[in-house]
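Worksheet for the structure shown next.
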Amino acid sequence: MRSSFSVHEVLHDLLMAAYVNRTVSMLGAGGGGSVAPSTDLRNSSSPLQRFVKGKRKINDIFVEIEDYVLDSGNYVTALYKENKVILLENDVKLVTGYVDKVKGIREVLARDHMKVAFFGRTSNGKSSVINAMLRDKILPSGIGHTTNCFLQVEGSENGESYLMTEDSKEKQNVKSVGQLAHALCKEKLSESTLVRIFWPRDKCFLLRDDVVFVDSPGIDVTPNLDEWIDKHCLDADVFVLVANAESTLMVTEKNFFHKVSTKLSKPNIFILNNRWDASASEDFLDQVRAQHSERAADFLVKELKVCTPKEANERIFFVSAKEVLQARLNEEKGMPPHSGALAEGFPNRYFEFQDFEKKFEECISKSAIKTKFEQHSQRGKSISQDIRDVMEAVYERALATQKEQSLVKKELNDKLNYTEQQLLLVTQEMKEKIHHMVEDVEQRVSKALSEEIRRLSTLVDEFNIPFHSEQLVLNVYKKELHHHVENGLGSNLRARLSTALAMNIEASQREMTDRMCLLLPEARRTVSHSVVPRREPFEVLYRLNCDNLCADFQEDLEFRFSWGLTSIIARFAGKNANKAALVNYQAQPAYPNMMSPCDVPDANCYYQPAPQTPIASLMKPEDWSLTSRLALASVGSQGTMGGLLLAGMMLKTVGWRIIAVTSALYGCLYLYERLTWTNKAKEREFKRQYVDHATKKLKLIVDLTSANCSHQVQQELSSTFARLCHLVDESTTDMAQEMKELEKELKSLEEAANSAKVLRNKASYLAKELDMFDEVYLKE
Numbered sequence: 001m002r003s004s005f006s007v008h009e010v011l012h013d014l015l016m017a018a019y020v021n022r023t024v025s026m027l028g029a030g031g032g033g034s035v036a037p038s039t040d041l042r043n044s045s046s047p048l049q050r051f052v053k054g055k056r057k058i059n060d061i062f063v064e065i066e067d068y069v070l071d072s073g074n075y076v077t078a079l080y081k082e083n084k085v086i087l088l089e090n091d092v093k094l095v096t097g098y099v100d101k102v103k104g105i106r107e108v109l110a111r112d113h114m115k116v117a118f119f120g121r122t123s124n125g126k127s128s129v130i131n132a133m134l135r136d137k138i139l140p141s142g143i144g145h146t147t148n149c150f151l152q153v154e155g156s157e158n159g160e161s162y163l164m165t166e167d168s169k170e171k172q173n174v175k176s177v178g179q180l181a182h183a184l185c186k187e188k189l190s191e192s193t194l195v196r197i198f199w200p201r202d203k204c205f206l207l208r209d210d211v212v213f214v215d216s217p218g219i220d221v222t223p224n225l226d227e228w229i230d231k232h233c234l235d236a237d238v239f240v241l242v243a244n245a246e247s248t249l250m251v252t253e254k255n256f257f258h259k260v261s262t263k264l265s266k267p268n269i270f271i272l273n274n275r276w277d278a279s280a281s282e283d284f285l286d287q288v289r290a291q292h293s294e295r296a297a298d299f300l301v302k303e304l305k306v307c308t309p310k311e312a313n314e315r316i317f318f319v320s321a322k323e324v325l326q327a328r329l330n331e332e333k334g335m336p337p338h339s340g341a342l343a344e345g346f347p348n349r350y351f352e353f354q355d356f357e358k359k360f361e362e363c364i365s366k367s368a369i370k371t372k373f374e375q376h377s378q379r380g381k382s383i384s385q386d387i388r389d390v391m392e393a394v395y396e397r398a399l400a401t402q403k404e405q406s407l408v409k410k411e412l413n414d415k416l417n418y419t420e421q422q423l424l425l426v427t428q429e430m431k432e433k434i435h436h437m438v439e440d441v442e443q444r445v446s447k448a449l450s451e452e453i454r455r456l457s458t459l460v461d462e463f464n465i466p467f468h469s470e471q472l473v474l475n476v477y478k479k480e481l482h483h484h485v486e487n488g489l490g491s492n493l494r495a496r497l498s499t500a501l502a503m504n505i506e507a508s509q510r511e512m513t514d515r516m517c518l519l520l521p522e523a524r525r526t527v528s529h530s531v532v533p534r535r536e537p538f539e540v541l542y543r544l545n546c547d548n549l550c551a552d553f554q555e556d557l558e559f560r561f562s563w564g565l566t567s568i569i570a571r572f573a574g575k576n577a578n579k580a581a582l583v584n585y586q587a588q589p590a591y592p593n594m595m596s597p598c599d600v601p602d603a604n605c606y607y608q609p610a611p612q613t614p615i616a617s618l619m620k621p622e623d624w625s626l627t628s629r630l631a632l633a634s635v636g637s638q639g640t641m642g643g644l645l646l647a648g649m650m651l652k653t654v655g656w657r658i659i660a661v662t663s664a665l666y667g668c669l670y671l672y673e674r675l676t677w678t679n680k681a682k683e684r685e686f687k688r689q690y691v692d693h694a695t696k697k698l699k700l701i702v703d704l705t706s707a708n709c710s711h712q713v714q715q716e717l718s719s720t721f722a723r724l725c726h727l728v729d730e731s732t733t734d735m736a737q738e739m740k741e742l743e744k745e746l747k748s749l750e751e752a753a754n755s756a757k758v759l760r761n762k763a764s765y766l767a768k769e770l771d772m773f774d775e776v777y778l779k780e
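Here the sequence shown is numbered in UniProt numbering, starting from 1 and rising by one per residue.
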């Protein structure tokens, strides 16, 4: 006890000496004997300013965090719509969910202040202490039960003074607080009701520095302590227990703070022994002070365990709030603080109150910074780290996907180049193969048709429709014969060529398909097989069209004696005449009006016959012998005279008997031929003439028909190859389009990776900002 008393005594002497020196210097400087306002005594580097600067700094940081979270939210939302591979849905929800959380933190930071709650028994002077610290009589005070509800005093933003109740947004006159909060007034509020009093910041530096005071009813007037604590104490930074120095700490006061300590971890508690002016005339002043100090220290250290003994001695003060308030009101009026009826030892009590305020400022600033800002700083770091992890994952996935897509693009590009090169080679090979096959078909068809023309007489002999020489019946007979020859030649050609041609064409188409399938992707190879298959094998159409080809055929069925004078002369001059006729005939255009089936693929081959030329007109005069000229002259002159002249010459030369016998034989021969000139003989002669005529005509179209058939084969193979090339072209087009899509995706991935990298680095920057904030404001 003595040791403790000595320490307090020494401390008291030091504080007294400092106060006396400061007072003397102030009196000397003022010249009027008044003490300068205590605001002048306040150091510009007030501990409360540390909270204000810290609040401003962490607000600035959270402005950046809010912008960062918004940018990150917009980024992941847009990215998730485009690419669900490099970004997971849970990551999107995580980042976007922080937008509202950061907004809420910013709102809390804007409202954050240093909250001081004053508690004590009724009439211990809680309101007076607050008024003294505010340097004005704002809260109602007096003896007995005065404050009926909770009163919160905070700084006004616009310099106005007003009050607001919990259930109303209406601003009321601050003077009405005496009626609302005074226990003796008729209009009473509930004990746990909070009335907010807004006071101009420029009238009190504590309010200017974001300090909020909460006055409470006496803790001995209600049993609802738990409700009070939950509603008004959980966010308090400092508690001030205002005790009555005329008595000692009561069980009620201790019980209240025991409840507080169970809900708050080591609350910051100051104990003010108020009304210390009443002990001015006491004989055992120092002993009483030591007793109060020891009991208060035991309560803080041993019972509540909220501080160390050294810290407890710095949180116990002996003051007179009423005196301090009076002194400060005098200072505001320009009067000396010690004027008026003041008890002995006022300067010591006044200085101790100022010492309480200084330590209170340090404690509340440190406590508020830790309780308010540490939580927000850690939350900001957690948000930054979470978003940084998301951006790091997005960045890594984007790079990995970009690498994979680059390999896919390279493989696709190589495949595209290979396909195009192979397509050129295959196209060249197939063109040559088609060309050789077309030539082979042309040769085969030409050879087969020539052979069938040589066997035309056999085909015509197989035509057995009844023959009649009447012109109408004969026209029908010729038409049917045309069809028979055309169908027979076509059937024979198909029998000889179609199977082999179909097999060759099918083999060529299969080879084309197999070669081209190798250039197609797996998905299209099944489609390529649907290009070639046919329900029936390919068949060449042999368009002979004998109707038009032999339309100029004119039969000659008149009876002609084979040993007649004209026939003999014809036989005699037959070779030369035939030669002249053939030469003259070949000089005429073979098919002046022929249309190639290549020009009109679906048209029938036809031609218009050249005008017929009589044999006599085709024979040149120099080709006739002397005897032939005489015979023709005799026939062509006046008939009887020529015959008599010829007969006389022969009679004189040979003799009449030989002439008679010869004439008889000649007559019999004539009669025999005339009698055998039946319908059957006419049919044979007709067919012979038709075969001769058709043979000549068909020989003229051998090259044309073979060319037409080869063109059909060429068209079939070329169309098949063109369809296969179209499939390959579609495939290369798809690959080129896929290349463009890959290039677009790679560009998008690069942009996503760059944006993720920037946002990741921004998260690291914000985390460093918060670390620097912790170094400056949170670490001692």
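Ideal Cβ placement from N, Cα and C applies to all residues, glycine included. As the structure is a computational prediction, the values presented were derived from the model and not from experiment.
- Per DSSP, GLN689 has no beta-bridge partner at all.
- With a 10 Å radius around the Cβ and a threshold of 16 neighbouring Cβ atoms, GLY488 comes out buried.
- Beta-bridge partners assigned by DSSP to LEU241: PHE119 and ILE271.
- Setting aside the 5 residues that flank it on each side, LEU493 is surrounded in the same chain by ALA448 and TYR542, each with a C-beta closer than 6 Å to its C-beta; the list follows chain order.
- For the 8 Å CB-CB criterion, PHE351 and PHE213 do not form a contact.
- Positions of the alpha helix (DSSP H) runs, each at least 4 residues long and wholly inside the segment 294–348, are given as 309–313 and 321–332 in order along the chain.
- Here DSSP, grouped into helix, strand and coil, assigns LEU88 to coil.
- Taking the Cα of VAL306 as reference, the smallest distance to any Cα among HIS483, TYR395, LEU139 and LYS263 is reached at LYS263.
- VAL85 is the residue among VAL85, PRO336, SER216 and LYS358 whose C-alpha sits nearest the C-alpha of THR401.
- Taken through DSSP and simplified to helix, strand or coil, ILE659 comes out as helix.
- Using a 10 angstroms sphere on the CB of LYS126, the tally of other CB atoms reaches 16 or more, which defines it as buried.
- With contact defined as three or more Cβ pairs closer than 8 Å, the segment 692–708 and the segment 411–423 are not in contact.
- Taking a cut-off of 8 Å on C-beta distances, the segment 377–387 does not touch the segment 686–698, as fewer than three cross pairs fall below it.
- A direct Cα-Cα distance of roughly 38 Å separates LYS415 from ALA500.
- Contact check between the segment 160–174 and the segment 302–318: fewer than three CB pairs, one atom from each, fall below 8 Å, which does not count as touching.
- Less than 8 Å divides the Cβ of THR248 from the Cβ of HIS292.
- Here THR720 is buried. Its C-beta has 16 or more other C-beta atoms within 10 Å.
- Counting other Cβ atoms within 10 Å of its Cβ, LYS680 stays below 16 and is therefore classed as exposed.
- Every candidate beta strand (DSSP E) stretch fails here, since none sits fully inside the segment 470–538 while reaching 3 residues.
- DSSP links LEU151 through a beta bridge to VAL195 and ASP215.
- Three or more beta-carbon pairs drawn from the segment 474–486 and the segment 544–552 are found closer than 8 Å, and the two stretches are therefore classed as touching.
- In the three-state DSSP reduction, THR678 falls in the coil class, being neither helix nor strand.
- The segment 62–75 and the segment 756–769 touch, with three or more beta-carbon pairs separated by less than 8 Å.
- Contact between ASN244 and ASN124 holds, with the beta-carbon distance rounding to 5 Å and staying under 8 Å.
- Nearest to ALA368 by alpha-carbon distance, out of THR419, PRO267 and ILE434, is PRO267.
- For MET391, the enclosing alpha helix (DSSP H) stretches over residues 374–454.
- THR147 sits buried, since 16 or more C-beta atoms from the chains shown fall within 10 Å of its C-beta.
- By the neighbour-count criterion, in which a residue is buried when 16 or more other Cβ atoms sit within 10 angstroms of its Cβ, GLN737 is exposed.
- With three or more CB-CB distances shorter than 8 Å, the segment 713–729 counts as touching the segment 498–516.
- PRO466 sits in coil when the DSSP states are folded into three classes, being neither helix nor strand.
- About 7 Å separates the beta carbon of VAL211 from that of ILE364, a gap short enough to meet the 8 Å contact definition.
- Taking the Cα positions, ALA664 is about 19 Å away from THR653.
- TYR350 sits in a helix when the DSSP states are folded into three classes.
- Bridge pairing for GLN712: absent [DSSP].
- In the DSSP assignment, LEU549 falls outside any beta strand (DSSP E) and lies within the alpha helix (DSSP H) extending over 546–549.
- Three or more Cβ pairs drawn from the segment 677–692 and the segment 457–464 lie within less than 8 Å of each other, which places the two stretches in contact.
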